[in-house]
Ligand SMILES: *Cc1c(COP(=O)(O)O)cnc(C)c1O
């Protein structure tokens, strides 16, 4: 089997899982977008994905993403940045990212706005929420009670547009409960900002639970690309 055939089969399998989850949840598959997470995989895979009709690509490290964008920038793809980043990387991320899912502090918002202004681009920003009550300092994501303040900073940024919220289900917990909490955070945010309709939730292992709780954007890596040879 060629790599293109393998990717095509995996994509079909994931799309079937998404459709089945939508039937269970009483939702339209058209309302659930699949972002293919290509971290650790080469630019040649992104080119094959583009030929297979994939438009949304997710990357979590700036260095890797910048290099792949240089190779694949002409393919009309939408680039989603989904990883933690230091503010000194924001100028570079702003050159290629169409959507940044990982805004979890005002400083990151300000740095991305500055980068977007320099690049003269408009970027959609999501507030990453930590659903792990156990986690302390250094966790990825804002606590739920910080979300509206961070969203307000995004809305005040002329080159950013508020998309909504993003979360990763904490390891070792019930993803359904985590995504239910995220849906509540999203509903509270939309009381302030009705336009913030995006819910970025669900990965290869928990996409069914994410769809049940309103995910609009899934971030799918290994189920499409195969197992990564190193852990991020
Ligand atoms: C790697 C990654 C994914 C994809 O994970 P899979 O389990 O491979 O589907 C999704 N979201 C984030 C933030 C990631 O870093």
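Numbering (the working numbering), first residue to last: 18 to 249. For glycine and all other residues, C-beta sits at the position ideal for the given N, C-alpha and C. Being a predicted model, the structure only gives us computed values, none of them experimental.
Exercise. Just to check, is the beta-carbon of residue 117 closer than 7 Å to a non-hydrogen atom of ligand 1?
Worked result: Locating residue 117 in the chain shown gives position 100, where the first residue counts as 1. Checking every heavy atom of ligand 1 against the Cβ of residue 117, none is found closer than 7 Å.
Problem set entry | CB of residue 79 within 8 Å of CB of residue 102, strictly | Start at 1 with the first residue of the chain shown, and residue 79 comes out as number 62. Start at 1 with the first residue of the chain shown, and residue 102 comes out as number 85. Yes, the pair counts as a contact, with Cβ atoms nearer than the cut-off.
For this session: For residue 56, verify whether its CB is less than 7 Å away from any heavy atom of ligand 1.
Result: As a working mapping, residue 56 is identified with position 39 in the chain shown. Yes; taking the cut-off as 7 Å, the Cβ of residue 56 has a heavy atom of ligand 1 nearer than that.
Problem set entry | Whether residue 217 touches residue 240 by CB criterion (8 Å) | The residue given as residue 217 occupies position 200 in the chain shown. The residue given as residue 240 occupies position 223 in the chain shown. No.
Exercise. To the nearest angstrom, how far is it from the Cα of residue 205 to the Cα of residue 142?
Worked result: Residue 205 sits at position 188 when you count from the first residue of the chain shown. Residue 142 sits at position 125 when you count from the first residue of the chain shown. Rounded to the nearest angstrom, the two C-alpha atoms are 17 Å apart.
For this session: Would you list the one or two residues that DSSP bridges to residue 73?
Result: Indexing the chain shown from 1 puts residue 73 at position 56. Looking at the DSSP assignment, residue 73 forms a beta bridge with 95.
Exercise. Contact between the region 231 to 245 and the region 35 to 50: three or more CB pairs below 8 Å?
Worked result: yes
Exercise. Is the beta carbon of residue 53 less than 8 Å from the beta carbon of residue 70?
Worked result: The residue given as residue 53 occupies position 36 in the chain shown. The residue given as residue 70 occupies position 53 in the chain shown. Not a contact, by the Cβ cut-off of 8 Å.
Exercise. What are the residues that DSSP puts in a beta bridge with residue 50?
Worked result: Locating residue 50 in the chain shown gives position 33, where the first residue counts as 1. Answer is 234, bridged to residue 50.
Exercise. Can we count residue 140 as close to ligand 1, meaning its CB is less than 7 Å from some heavy atom?
Worked result: As a first step, residue 140 is located in the chain shown; it is residue number 123 there, counting from the start. Outside the cutoff, so no.
Problem set entry | Alpha-carbon spacing of residue 41 relative to residue 214, whole angstroms | By one-based count along the chain shown, residue 41 stands at place 24. By one-based count along the chain shown, residue 214 stands at place 197. Spanning the two alpha carbons is a distance of roughly 21 Å.
Problem set entry | beta strand (DSSP E) runs wholly inside the region 120 to 148, at least 3 long, in chain order | 140 to 145
For this session: Counting only the same chain and skipping the five closest in sequence on each side, list residues whose C-beta sits under 6 Å from that of residue 219.
Result: The residue labelled residue 219 in the question sits at position 202 within the chain shown. These residues qualify, in order along the chain: 227, 232 and 235.
Problem set entry | Contained alpha helix (DSSP H) runs [length at least 4] in the region 146 to 234, N- to C-terminal order | 164 to 172, 192 to 209 and 224 to 229
Exercise. Using a threshold of 7 Å, is the CB atom of residue 220 nearer than that to any non-hydrogen atom of ligand 1?
Worked result: Residue mapping note: residue 220 aligns to position 203 of the chain shown, counting from 1. True, at least one ligand heavy atom lies under 7 Å from that Cβ.
Exercise. Can residue 195 and residue 129 be called in contact, C-beta distance under 8 Å?
Worked result: Taking the chain shown and counting its residues from 1, one reaches residue 195 at position 178. Taking the chain shown and counting its residues from 1, one reaches residue 129 at position 112. In this structure, residue 129 does not lie closer than 8 Å to residue 195 by Cβ.
Problem set entry | Boundaries of the alpha helix (DSSP H) in which residue 108 is found, first to last residue | On the chain shown, residue 108 is found 91 positions in, with the first residue counted as 1. Its alpha helix (DSSP H) spans residues 107 to 113.
Exercise. Hey, would you say residue 139 sits closer than 8 Å to residue 176, going by beta carbons?
Worked result: The residue given as residue 139 occupies position 122 in the chain shown. The residue given as residue 176 occupies position 159 in the chain shown. Yes, they are a contact pair.
For this session: Report buried or exposed for residue 246, applying the criterion of at least 16 other Cβ atoms within 10 angstroms of its Cβ.
Result: Residue numbering aside, residue 246 sits at position 229 when the chain shown is read from its first letter. Of the residues assessed, residue 246 falls on the exposed side of the cut-off, its CB having fewer than 16 other CB atoms within 10 angstroms.
Exercise. Who are the Cβ neighbours of residue 9 in its own chain at under 7 Å, not counting the five residues just before and after it?
Worked result: Here the chain has residues from 18 to 249 only, and residue 9 is not among them.
Exercise. Just checking my contact of residue 111 with residue 135 at CB under 8 Å: how many whole Å lie between their CB atoms?
Worked result: Looking up residue 111 in the chain shown gives position 94. Looking up residue 135 in the chain shown gives position 118. Right, their Cβ atoms sit about 7 Å apart.
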